[in-house]
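Trainee: Those letters in the sequence shown? Residues 761 to 1257, per this note's numbering, in order. Here's a structure for you.
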Amino acid sequence: MEHERLTKRNLWSYTITGVGRDTAAQLWSGNLLNFIMFTRSLTAQQFGVINALMVAARVFDGFTDPIMGNIIEITRTRWGKFKPWIAIGMVLTAAVVIVTFRTTLQDWQFVTFIGIMLFVYSKVFTFNDVGYWGMLPSLASEKSDRDKLSARAMLFAGIGGGIATILIPMLTAGDLALGGNALQAYARLAIVFSVAAIAFQLTTLIGVKEKPLPPKGEATVNRIGLRTIFHTIRRNDQLCWLMILFLLATTGGNIVASMLGTNFIFFRFGYQGILSTIFMTLGAVGAGVVMLFYDRVSARFTRAQLMKIATASILIGNAFMLFTGVLPIGVWQLQFALMTFGNLFAFGAFSVYGLVVMVCIANTVEYNEWRTGARAEGIIFSIRPFIIKLGHGFVQLIVWLVFAASGVLQHTNAIAGYEQQTSMGYITTDVRMQNITQVINQVPTGRTLALLAAMTIIPSVLAIASYWLFKRKFTLTEAKYEQILSDLAQRNSQTIG
């Protein structure tokens, strides 16, 4: 059986976009709470409202993603159905990011502003996100091509996120902060990353050549509405199980990269962004290696075997990180090395989860066509950003609860106060660092260990649950998928005949 193969033009034009796109996305999704906590002094009530708004915005965003997928599914323009939404979404997203990170508002005005921006960002980025990832299954159907395209897309997205992971902590906290304080640093990075996101997105808009769109009614969904969306998802049993599995894995995989990891590094080893950069960068390197070699490894192992290996690696990596809690603080270099080594294992393994699930979701497009006659690419691939955003909502909820229980807000408020004083010229950068160091030294050990326990035990439990679901409930194996492709080709030949 022959399939239309993936072209080099589409492979590179589609995937390299992720470098700029995910650099800006990481600034928002991975560092907005950092920006808030280390540039504003907040009351417990204000902090609670902001976290509640973050959770609500991400959950709302996730539940409206399938609607966006359906809109894309019926879009017909001279530029295709994906590119218009990709372009509109990225330009509006860049504008929101720049405005948010450059605001000078304080107190409840700041809280209100952040709440509005959270919901605005959730919608404008959805235009781009659903459009971009929804394009992937339309560019490749052969297993090796789809594995290569998925892995390469994740690799460049990982590079973009990795660039942000390297630069943001290093250039916003400690001695290397741009402009001498966190407020100026975030404002400058927002502009640079947003411009880069738009520039890199042009490679997809200009370079990718889409397949001709089928007429409305042929292997697609015509009506926009929640009933159509939920009916499409409900009839696809394999997609339903993947949604649950991916939600657990996404939540577990992002806990360390959340504010829990950053605050633990600061409180345990000092307020120097370079340490957080090293920690997160090596984790990203582990993920990058996985993405770079995934298509070769996936040719030797089944997806079930890859999930088993990844689960074991997550448990081993988290055990290394948790073990550092019993070591004396006098050997902090050994602690930091073990933490970084453990995170490299765990973060790289969660990337395997992401790649396996992304390929499986792509395969449910043909599974859906096989069962119902409709591919519904836009709806099905809107599931990925939907679950990621819902997972980030759960991560936000976990972070909020852990911070509330451990009482770290009083320490971040003190740090934010010194950052603001430096920004207004009331104190020098040297005095800023001396005062912040005193704040760090006063953090009780118990609060630091609470952060460590949360960022290792919770992801381990979620990883075990994810693997159990994959092994017990997901039946769309490689062999079954090939049989589905064969059946679809036979149907099409009979129709033509």
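Beta carbons are placed, not taken as given, at the ideal position from N, Cα and C, and that holds for glycine.
(1) Given this structure, state the Cα-to-Cα distance separating residue 977 from residue 850, to the nearest angstrom.
(2) Pair every Cβ in the segment 799 to 813 with every Cβ in the segment 1173 to 1184, then say whether three or more of these pairs are closer than 8 Å.
(3) Across the segment 1076 to 1091 and the segment 1047 to 1056, are there enough close Cβ pairs to call them in contact, namely three or more that are closer than 8 Å?
(4) Pop quiz: residue 1223 and residue 1075 are said to be a contact at Cβ under 8 Å. What is the actual Cβ separation, rounded to whole angstroms?
(5) For residue 1007, which residues of its own chain have a beta-carbon under 7 Å away from its beta-carbon, when the five flanking residues on both sides are left out?
(6) When the Cα of residue 1057 is compared with those of 887, 822, 809 and 904, which residue comes out closest?
(7) Would residue 954 and residue 858 be called neighbours here (beta carbons separated by less than 8 Å)?
(8) If we count the other Cβ atoms within 10 Å of its Cβ and call it buried at 16 or more, is residue 1252 buried or exposed?
(9) Counting pairs of beta carbons, one from the segment 1115 to 1126 and one from the segment 910 to 928, are three or more of them closer than 8 Å?
(10) State the Cα-Cα distance for the pair residue 1017 and residue 808, rounded to the nearest angstrom.
(11) Please determine, among 1082, 829, 1115 and 1202, the residue with the shortest C-alpha to C-alpha distance to residue 1047.
(12) Could you check what DSSP says for residue 800 in three-state terms: helix, strand or coil?
(13) Tell me where the alpha helix (DSSP H) around residue 1166 begins and ends.
(14) For a minimum of 4 consecutive residues, which ranges assigned as the alpha helix (DSSP H) are wholly contained in the segment 855 to 919?
(15) Whole angstroms are fine: how far does the CA of residue 932 sit from the CA of residue 1221?
(16) Mind checking residue 1201: buried by the 16 CB within 10 Å criterion, or exposed?
(17) For the alpha helix (DSSP H) that contains residue 969, what are its first and last residues?
(18) Exposed or buried, residue 982, counting other C-beta atoms within 10 Å across all chains shown (16 or more means buried)?
(19) For the candidate residues 780, 793, 1110 and 877, whose alpha-carbon lies nearest to that of residue 1172?
(20) Less than 8 Å separating the beta-carbons of residue 1197 and residue 1189?
(21) Can you give me the C-alpha to C-alpha distance between residue 1044 and residue 842, rounded to a whole angstrom?
(22) Nearest-angstrom Cα distance between residue 1038 and residue 787?
(23) Which residue marks the beginning of the alpha helix (DSSP H) containing residue 1202, and which one marks its end?
(24) For residue 935, does the three-state DSSP call read helix, strand or coil?
(25) Is it the case that the Cβ atoms of residue 1136 and residue 992 are separated by a distance below 8 Å?
(26) Considering only the alpha carbon of each residue, which of 1102, 894, 967 and 1130 lies closest to residue 1249?
(27) Is the beta carbon of residue 845 sitting closer than 8 Å to the one on residue 778?
(28) Measure the CB-CB distance between residue 998 and residue 1236 and report whether it falls below 8 Å.
(29) Could you give the first and the last residue of the continuous alpha helix (DSSP H) run that contains residue 1111?
(30) Do residue 946 and residue 861 have their C-beta atoms closer together than 8 Å?
(31) Going by beta carbon distance, what residues of the same chain come within less than 7 Å of residue 1195, once the five residues before and after it are set aside?
(32) Should residue 865 be labelled buried (16 or more other beta-carbon atoms within 10 Å of its own) or exposed?
Mentor: Looking at the atomic coordinates:
(1) Confidence in residue 977 is poor, its pLDDT being 48 and thus under 50, which makes the residue's placement too unreliable to answer from.
(2) yes
(3) no
(4) 7 Å
(5) 1147, 1150 and 1151
(6) 904
(7) yes
(8) exposed
(9) yes
(10) 20 Å
(11) 1115
(12) coil
(13) 1143 to 1166
(14) 867 to 899
(15) 33 Å
(16) exposed
(17) Taken as a continuous stretch (DSSP letters only), residue 969 belongs to no alpha helix (DSSP H), as it is neither H nor E.
(18) Interpretation of residue 982 is limited by its pLDDT of 47, a score under 50 that renders its predicted location unreliable; no figure is taken from the coordinates.
(19) 793
(20) no
(21) 29 Å
(22) 17 Å
(23) Run containing residue 1202: none; DSSP gives neither H nor E here.
(24) coil
(25) yes
(26) 1130
(27) no
(28) yes
(29) 1092 to 1132
(30) yes
(31) 1178
(32) exposed
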